[in-house]
Amino acid sequence: MAAKGILVGLFLIACWAVVTRSTLHASCKLTWTFTVPCDTVHDLIIKQMEKWNSSSLCPTGTEKCGYTIDSATNTATEIKGTHTTPVHHYVDDLSMGFENDTKICTVKGYSTSEVIYAIFDKGTNYCNLHNLVSGSGLTNTTRYGFKEVTHDSVCTQYSSADCSKY
Ligand SMILES: *[C@@H]1O[C@H](CO)[C@@H](O)[C@H](O)[C@H]1NC(C)=O
Ligand SMILES: *[C@@H]1O[C@H](CO)[C@@H](O)[C@H](O)[C@H]1NC(C)=O
Ligand SMILES: *[C@@H]1O[C@H](CO)[C@@H](O)[C@H](O)[C@H]1NC(C)=O
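With mature numbering (1 follows the signal peptide of the UniProt record, and there is no 0) as the guide, the letters of the sequence shown map in order to residues -17 to -1, 1 to 149.
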């Protein structure tokens, strides 16, 4: 009886995922714009990922560590890497694409959980990306003209994310 209930529950979750066109992975897609050239932004993000590489450096109760950079794909137009959550060691794949426009640098960021059951991620995929711009100081609007655009429909639990924790 209980097993039947679980099956019905899983079925409903699968239907919900299909209906909302999300997959069974939590993920986040966002766009940042800056009023500085992309090489400045790229440089600061790489430095932040290097600074937050070691998983042992994570301040207790936060996820501001455990980043790796895929050096083979690290070019002026792209950064790929991973973030591993410190407690459960869940791996999230990250990618950021850089594009210079006239006086504007546009960055398209994407983070997705490798674990298939991570439908609700408490905003972790959002924070994986956002922590890099806040940690490096790129969120300073006066200095970098920072803007961020995303939405709950393309970024799991974006509006309820607590990046001081994740
Ligand atoms: C970061 O740490 C991982 C091990 O957790 C390592 O494999 C990787 O090479 C390190 N450095 C960078 C730049 O990703
Ligand atoms: C953007 O332009 C700068 C020079 O102004 C260049 O160094 C950088 O590689 C360019 N980045 C991209 C993503 O085109
Ligand atoms: C943001 O940048 C401006 C200009 O560089 C600087 O004066 C200001 O102190 C910065 N704000 C923060 C919170 O770092």
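Heads up, the beta-carbon is just placed ideally off N, CA and C, and yes, glycines get one too. Model, not experiment: these values are computed from the prediction.
Where residue i sits in the DSSP three-state scheme
{"i": "residue 46", "result": "coil"}
{"i": "residue 30", "result": "helix"}
{"i": "residue 84", "result": "strand"}
{"i": "residue 20", "result": "coil"}
{"i": "residue 93", "result": "strand"}
{"i": "residue 4", "result": "Because residue 4 carries a pLDDT of 46, less than 50, the predicted location of this residue cannot be relied on, and no value is offered for it."}
{"i": "residue 58", "result": "strand"}
{"i": "residue 40", "result": "helix"}
{"i": "residue 147", "result": "coil"}
{"i": "residue 78", "result": "strand"}
Cβ-based neighbour list, residue i, same chain, cut-off 8 angstroms, excluding 5 preceding and 5 following
{"i": "residue 38", "result": "48, 49, 67 and 69"}
N- and C-terminal bounds of the beta strand (DSSP E) containing residue i
{"i": "residue 118", "result": "Counting along the chain, residue 118 falls outside any beta strand (DSSP E), though it belongs to the alpha helix (DSSP H) covering 107 to 118."}
{"i": "residue 11", "result": "10 to 17"}
{"i": "residue 131", "result": "130 to 132"}
{"i": "residue 65", "result": "61 to 67"}
Neighbour-count burial assignment, residue i, 16 or more Cβ in a 10 Å radius
{"i": "residue 4", "result": "Unreliable placement is indicated for residue 4, whose pLDDT of 46 sits below 50; the coordinate value is still reported in the next sentence. Counting Cβ neighbours within 10 Å, residue 4 comes out exposed, since fewer than 16 surround it."}
{"i": "residue 72", "result": "exposed"}
{"i": "residue 139", "result": "buried"}
{"i": "residue 104", "result": "buried"}
{"i": "residue 55", "result": "exposed"}
{"i": "residue 106", "result": "buried"}
{"i": "residue 92", "result": "buried"}
{"i": "residue 8", "result": "buried"}
{"i": "residue 123", "result": "exposed"}
{"i": "residue 113", "result": "buried"}
Alpha helix (DSSP H) segment containing residue i, residue limits
{"i": "residue 125", "result": "124 to 127"}
CB contact flag (residue i, residue j, <8 angstroms)
{"i": "residue 81", "j": "residue 90", "result": "yes"}
{"i": "residue 76", "j": "residue 60", "result": "no"}
{"i": "residue 11", "j": "residue 94", "result": "yes"}
{"i": "residue 131", "j": "residue 13", "result": "yes"}
{"i": "residue 128", "j": "residue 23", "result": "no"}
{"i": "residue 30", "j": "residue 119", "result": "yes"}
{"i": "residue 58", "j": "residue 148", "result": "no"}
6 angstroms Cβ shell around residue i - same chain, five flanking residues per side excluded
{"i": "residue 21", "result": "81, 83 and 88"}
{"i": "residue 97", "result": "74"}
{"i": "residue 52", "result": "32 and 64"}
{"i": "residue 79", "result": "62, 90 and 92"}
{"i": "residue 142", "result": "135"}
{"i": "residue 137", "result": "12"}
{"i": "residue 16", "result": "87, 89 and 130"}
Spatial neighbours of residue i in its chain, beta-carbon cut-off 7 angstroms, leaving aside the 5 residues before and after
{"i": "residue 41", "result": "47, 48, 49 and 69"}
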